[in-house]
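One structure is given here, and the rest of the page talks about it.
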């Protein structure tokens with residue numbers, strides 16, 4: 001899996017996902033979580049705005065779990 005750092009854009013779906021996932025995966029530290037969440041958000045950019053918070057968080061959570069295995 002290749003991760004790229006997308007541009008930083010104020011986005012509530014990103015901020016809320018980062019906060020929840022930092023609590024769920026404290027062993028990873030903030031850097032990897034922020035990178036994964038921002039990458040997921042960029043990949044989901046064509047999705048409906050109303051669905052983004054859930055989609056971003058679910059995709060990021062799955063990728064973080066796989067990274068711990």
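Residue numbers (the working numbering): 1 to 69.
Every residue gets a Cβ at the ideal spot worked out from N, C-alpha and C, and that includes glycine.
Bear in mind the structure is a predicted one, so any value in this text is a computation, not a measurement.
Practice prompt. Could you check if residue 67 is buried or exposed, using at least 16 other CB atoms within 10 Å of its CB as the buried criterion?
Written response: exposed
Practice prompt. Answer yes if the segment 18-33 comes into contact with the segment 57-65, meaning at least three C-beta pairs across the two stretches below 8 Å, and no otherwise.
Written response: yes
Discussion item. Just verifying my parser: in three-state terms, what is the DSSP assignment at residue 49?
Written reply: helix
Worksheet item: Can the beta-carbon of residue 37 be found closer than 8 Å to that of residue 17?
Response: yes
Fill in: Minimum C-alpha distance to residue 65 - residue among 12, 15, 13, 28
28
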